[in-house]
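Asker:
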């Protein structure tokens, strides 16, 4: 994209399963992709005159262009294979259209050191106010792109909360996405299971009034799972239909 400047790589990258599974040339491609990714929301104009909105962690390229930027030892076929591998391992996604490919690095912010580089050209008298401004900019920086699983889960939970309460105040979805990052990455929860539990808790008369944030969802996850599993038990369904269902009756639990 022709941008100047610098990037920082978080040490978490070395523990990423995709990085560990990569051959040397794929690691070159991965780093090149991180270098090409936009660090802010912007709009670029293609050669055709079409304008395309780019979010943090995204960039526009083609396989041949990406191969060229990676260096002489990386072929277009290697890039094609790497992009397929990265998509399969949830490192990135790519949407191809006529003339270009939009690449999105999932959880782009996790691979960056989210610190603002302090300007050194400012007079000493301005250093205090400059530092405060930079700290605010860091706090406002997006960590999760809107196409990441974490951000989508945050939106998914809020969408279901709003179904129950149309007047619900829009939360900080970046903060919620961080909670879902912990749920998926640290707690090792399955993505499809998380989605199903979100549906379950917001359709349950008790939990829909108690789970009103991603942090509360994470805190109550184990209880939600047990209740969900219990209600899925065919014996419990039959008892519920007969009017004798008790969710705390261990004889009916799986």
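Numbering (our numbering), first residue to last: 648 to 901.
Glycine is no exception: its CB is placed at the ideal position from the N, C-alpha and C atoms.
Predicted model, so just to flag it, every value in this text is computed and none were measured.
Does the CB of residue 798 have a neighbour CB from chain D at under 8 Å?
Answerer: Protein chains in the displayed structure number just one, and chain D is not present.
Asker: Residue 752 and residue 696 - do their beta-carbons sit closer together than 8 Å?
Answerer: Your numbering for residue 696 matches position 49 in the chain shown. Your numbering for residue 752 matches position 105 in the chain shown. Taking 8 Å as the Cβ cut-off, residue 696 and residue 752 do not qualify as a contacting pair.
Asker: What's the C-alpha gap between residue 694 and residue 746?
Answerer: Here residue 694 is taken as the residue at index 47 of the chain shown, counted from 1. Here residue 746 is taken as the residue at index 99 of the chain shown, counted from 1. So the two alpha carbons sit approximately 10 Å from each other.
Asker: Which runs of the alpha helix (DSSP H) spanning at least 4 residues fall entirely within the stretch 781-865, listed in chain order?
Answerer: 796-811, 820-828 and 838-850
Asker: Please state if the CB of residue 741 and the CB of residue 749 are separated by a distance shorter than 8 Å.
Answerer: To locate residue 749, count along the chain shown from 1; it is residue 102. To locate residue 741, count along the chain shown from 1; it is residue 94. Their beta carbons are under 8 Å apart, which means residue 749 touches residue 741 by this criterion.
Asker: Under 8 Å by Cβ, that's how I've got residue 842 and residue 803 pegged, so tell me the actual separation to the nearest angstrom.
Answerer: Taking the first residue of the chain shown as 1, we reach residue 842 at position 195. Taking the first residue of the chain shown as 1, we reach residue 803 at position 156. Between residue 803 and residue 842 the Cβ distance is about 7 Å, and since that is below 8 Å, they are a contact.
Asker: Kindly indicate which three-state DSSP category residue 744 falls into: helix, strand or coil?
Answerer: Taking the chain shown and counting its residues from 1, the one referred to as residue 744 is at position 97. Residue 744 falls in the strand class under three-state DSSP.
Asker: What does the alpha-carbon distance come out to for the pair residue 688 and residue 814?
Answerer: Working through the chain shown from its first residue, we reach residue 688 at position 41. Working through the chain shown from its first residue, we reach residue 814 at position 167. The straight-line gap separating the alpha-carbon atoms of residue 688 and residue 814 is approximately 29 Å.
Asker: Does DSSP classify residue 753 as helix, strand or coil?
Answerer: Residue 753 sits at position 106 when you count from the first residue of the chain shown. Correct three-state label for residue 753: coil.
Asker: CB residue 840 to CB residue 702, shorter than 8 Å?
Answerer: Translated into positions along the chain shown, residue 840 becomes position 193. Translated into positions along the chain shown, residue 702 becomes position 55. In this structure, residue 702 does not lie closer than 8 Å to residue 840 by Cβ.
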